[in-house]
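Note sheet for the following structure.
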Amino acid sequence: MTPTRRSLLSQLLAAALLLAPPLAWAAGSEGKVSGKPTATSKLYDYYLSGNAADMQPAAPTSSQLVLMGGGLDVDEAFRAMIAKAAGNAGGKIDIVVIRASGADGYNDYLLNQLYPAGTPNPVDSVETLVIKSRAGADDPTVNAIVARADLLFIAGGDQWDYIRDWKGSRLDATLQALLARKVPFGGTSAGLDVLGDIDFSAENGSITSDQALANPYDRRETLDRGFLSGLRGLANTITDAHLVTRDRMGRLISFVARNIQDGALAPTQARGVGLDENTALVVDDGQARVYGGGTAYFVQPQLAPDLIQAKKPLSMRNVRIDRMRAGSAVFDLLNWSRSDGVAPYYVDALGGVLSSNPY
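Numbering (mature numbering (1 follows the signal peptide of the UniProt record, and there is no 0)) for the sequence shown: -26 to -1, 1 to 333.
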């Protein structure tokens, strides 16, 4: 164990162990929680599984993002992230999971369940931080742990917690530093929703497709800019999870229309990526492949909205949609094109109603 890592762990263990009762948290492939943090305070809970030493593998030479649509997590996508972080030398890595609620449900899954017995396992440790407040996001210990991550993953929850407490905080700067080092970076559900350049913040709660199409300026349709922006391949892009399961294509189209209007963008510059449950998009240097059992949707308007204003139903024609499932095809997010030559289809929103089945 390196001295810096040992010192950090000692500080954590010295924190007051005001243990909360076991937390029930069900999302993705998360397993049973331990119920007992390694260390806890009023600002954060910290869970360590595995070796406390800091492995410090060589940083990747190119960026990788993993976007997950919620529901069951996708093992292959996590293994892709881990391989990217470990590098060709097959080094050991430390994974950090951050969240605002829940517990350590990812720890055992990521440390012990992804690789069959007897096969090399690059995961040396998994650390989960439940960051309880803005003060927690500014806490030096929290940021020291996150800064050492070889792979960073944002769990599901409520994206407004992340935007309210993390945007502009010390943690925000630490996450940007990880991205600059090309540390593999991912998120699921609410964790996915904050990875686009523009985020549906859910500040006033969620919104359905019918509500968003009926009034793109509904008070619940809150879009935020400036948190974790600039991720390669996600320029001017809004991401959304649980797309088919919760029938969210209508609201994604409304979000993209708002992005054209509010961001003063040319129509084809405003983009959306929607993922269904049990689906992941692994994006290497802007090139995306689909993994899992569901579907990914790439949404790009071709024309500016005919009508987009408060208390009026949205009208926008010729929204291009590319639909992809797992396979060998690649979607180039930088040039918005696909490698398999499959033609897109087009959907209109007319008077707040989609003209055809968007899925």
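Glycine included, each C-beta is placed from N, C-alpha and C at the ideal position.
Note that the structure is predicted; figures quoted are calculated from it, not measured.
Problem - Spatially closest choice to V218 from N331, F52, L152, by CA coordinates - result: Taking the sequence shown and counting its residues from 1, one reaches residue 218 at position 244. Answer by Cα proximity: N331.
Exercise for the section: Give every residue of the same chain whose Cβ lies closer than 8 angstroms to the Cβ of D132, excluding the five residues on either side of it in the sequence, and list them in chain order. Expected result: The residue given as residue 132 occupies position 158 in the sequence shown. Around D132: A74, S75, A164, A176.
Problem - Residue nearest to R312 in terms of C-alpha spacing, selected from S203, G110, R263 - result: Here the question's residue 312 lines up with position 338 in the sequence shown. Comparing Cα-Cα distances from R312 to each of S203, G110, R263, the minimum goes to R263.
Problem - Backbone CA spacing between R138 and L103 [nearest angstrom] - result: Translated into positions along the sequence shown, residue 138 becomes position 164. Translated into positions along the sequence shown, residue 103 becomes position 129. Those two C-alpha atoms are separated by around 17 angstroms.
Problem - Reference D296; option with closest CA among M223, A240, H216, G326 - result: For the purposes of this step, residue 296 is taken as the residue at position 322 of the sequence shown. Among M223, A240, H216, G326, the Cα nearest to that of D296 is on M223.
Problem - At least 3 beta-carbon pairs within less than 8 angstroms: the segment 93 to 109 vs the segment 36 to 45 - result: no
Practice task
Could you tell me whether the segment 44 to 55 touches the segment 258 to 273, where touching means 3 or more Cβ pairs closer than 8 angstroms?
Solution key: yes
Exercise for the section: Return the CA-CA distance between R(-21) and F174, expressed in angstroms with no decimal places. Expected result: For the purposes of this step, residue -21 is identified with residue 6 of the sequence shown, where counting begins at 1. For the purposes of this step, residue 174 is identified with residue 200 of the sequence shown, where counting begins at 1. Here the model assigns R(-21) a pLDDT of 36, short of 50, so the residue's position is not dependable and the matter cannot be decided.
Problem - Simplified DSSP assignment, three categories, for P(-5) - result: Numbered from its first residue, the sequence shown carries residue -5 at position 22. Reliability of the predicted coordinates at P(-5) is poor, the pLDDT of 29 falling under 50, and no value is obtained from them.
Practice task
Express the C-alpha separation of L84 and A13 in angstroms, rounding to a whole number.
Solution key: Here residue 13 refers to the residue found at position 39 of the sequence shown. Here residue 84 refers to the residue found at position 110 of the sequence shown. When rounded, the distance between both Cα atoms is 20 angstroms.
Handout entry: Own chain partners of W134 with C-beta closer than 6 angstroms, once the 5 adjacent residues on each side are dropped
Key = Your numbering for residue 134 matches position 160 in the sequence shown. S175, A176, E177.
Handout entry: Own chain partners of N292 with C-beta closer than 6 angstroms, once the 5 adjacent residues on each side are dropped
Key = Along the sequence shown, one-based indexing puts residue 292 at 318. Excluding sequence neighbours, N292 sits near Q276, L277, Y320.
Handout entry: Segment limits, beta strand (DSSP E) that includes A254
Key = Here the question's residue 254 lines up with position 280 in the sequence shown. Looking at the DSSP string, the run of the beta strand (DSSP E) that includes A254 is 253 to 258.
Handout entry: Contained alpha helix (DSSP H) runs [length at least 4] in the segment 55 to 132, N- to C-terminal order
Key = 79 to 82, 108 to 111, 114 to 121
Handout entry: Top-ranked residue by Cα proximity to A27, from I67, P287, K16
Key = For the purposes of this step, residue 27 is identified with residue 53 of the sequence shown, where counting begins at 1. If we check each option's Cα against that of A27, I67 comes out closest.
Exercise for the section: State the DSSP-derived secondary structure class of residue 361, mapped to helix, strand or coil. Expected result: What is shown of the chain runs -26 to 333, which leaves residue 361 out entirely.
Exercise for the section: Could you check how far apart the C-beta atoms of V273 and R299 are, in whole angstroms? I think they sit under 8 angstroms. Expected result: Position 299 of the sequence shown, counted from the start, is the residue given in the question as residue 273. Position 325 of the sequence shown, counted from the start, is the residue given in the question as residue 299. In fact, because the Cβ distance is near 16 angstroms, the residues do not count as touching under 8 angstroms.
Exercise for the section: Provide the residue(s) that pair with M42 in DSSP beta bridges, ordered along the chain. Expected result: Translated into the one-based positions of the sequence shown, residue 42 becomes position 68. Beta-bridge pairing links M42 to T162, A254.
Exercise for the section: Kindly identify the DSSP beta-bridge partner or partners of T213. Expected result: Residue 213 sits at position 239 when you count from the first residue of the sequence shown. Paired residues: V247.
Problem - Counted within 10 angstroms of its Cβ, other Cβ atoms place T35 as buried (16 or more) or exposed - result: Taking the first residue of the sequence shown as 1, we reach residue 35 at position 61. With fewer than 16 other Cβ atoms within 10 Å, it is exposed.
Exercise for the section: Can you have a look at N309 and say buried or exposed, based on whether 16 or more other CB atoms are within 10 angstroms of its CB? Expected result: Residue numbering aside, residue 309 sits at position 335 when the sequence shown is read from its first letter. N309 comes out exposed.
Practice task
Measure the Cβ-Cβ separation of residue 336 and D214 and say whether it is below 8 angstroms.
Solution key: Residue 336 lies beyond the residue range present for the chain, which begins at -26 and ends at 333; the question has no answer from this structure.
Practice task
Return the bridge partner residues of L22 from the DSSP annotation.
Solution key: Along the sequence shown, one-based indexing puts residue 22 at 48. E101, per the DSSP bridge assignment.
Handout entry: DSSP state of S37 mapped onto helix, strand, coil
Key = As a working note, residue 37 is residue 63 in the sequence shown. Coil.
Exercise for the section: For S228, I'd like the list of residues in its chain whose CB is within less than 7 angstroms of its CB, leaving aside the five on either flank, ordered along the chain. Expected result: In the sequence shown, counting from the first residue as 1, residue 228 sits at position 254. These residues qualify, in order along the chain: A186, L187, P190, E195, L288.
Exercise for the section: Decide if G315 is buried, meaning its Cβ has at least 16 other Cβ atoms within 10 Å, or exposed. Expected result: To locate residue 315, count along the sequence shown from 1; it is residue 341. By the neighbour-count rule (16 or more Cβ atoms within 10 Å), G315 is not buried but exposed.
Problem - Residue closest to R206, alpha-carbon to alpha-carbon, out of G200, R122, L153 - result: In the sequence shown, the residue the question calls residue 206 occupies position 232. Comparing Cα positions, the closest option is L153.
Problem - As assigned by DSSP and simplified to three states, the class of T148 - result: The sequence position of residue 148 within the sequence shown is 174, counting from 1. Helix at T148.
Exercise for the section: Look up F272 in the DSSP assignment and give the residues it is bridged to. Expected result: Taking the first residue of the sequence shown as position 1, residue 272 is located at position 298. Answer is V247, D296, bridged to F272.
Practice task
Could you have a look at I282 and say whether DSSP puts it in helix, strand or coil?
Solution key: Looking up residue 282 in the sequence shown gives position 308. I282: coil per DSSP, three-state reduction.
Practice task
Give the C-beta separation of I212 and G161 to the nearest angstrom, bearing in mind that I take them to be a contact with Cβ-Cβ under 8 angstroms.
Solution key: In the sequence shown, the residue the question calls residue 212 occupies position 238. In the sequence shown, the residue the question calls residue 161 occupies position 187. Not a contact, Cβ separation roughly 14 angstroms.
Exercise for the section: Measuring alpha carbon to alpha carbon, tell me which of D280, A60, L166, P158 ends up nearest G43. Expected result: To locate residue 43, count along the sequence shown from 1; it is residue 69. It is L166 whose Cα lies nearest to the Cα of G43.
Exercise for the section: With DSSP collapsed to three states, give me the class of Q235. Expected result: Along the sequence shown, one-based indexing puts residue 235 at 261. Q235 falls in the helix class under three-state DSSP.
Practice task
Just grab the DSSP bridge partners of Y320 for me.
Solution key: Here residue 320 is taken as the residue at index 346 of the sequence shown, counted from 1. Bridge partners of Y320: R294.
Handout entry: Boundaries (first-last residue) of the beta strand (DSSP E) holding A262
Key = Numbered from 1 along the sequence shown, position 288 holds the residue referred to as residue 262. Unbroken beta strand (DSSP E) run through A262: 261 to 266.
Problem - Those residues which DSSP pairs with D306 across a bridge - result: Looking up residue 306 in the sequence shown gives position 332. Q261, S311, per the DSSP bridge assignment.
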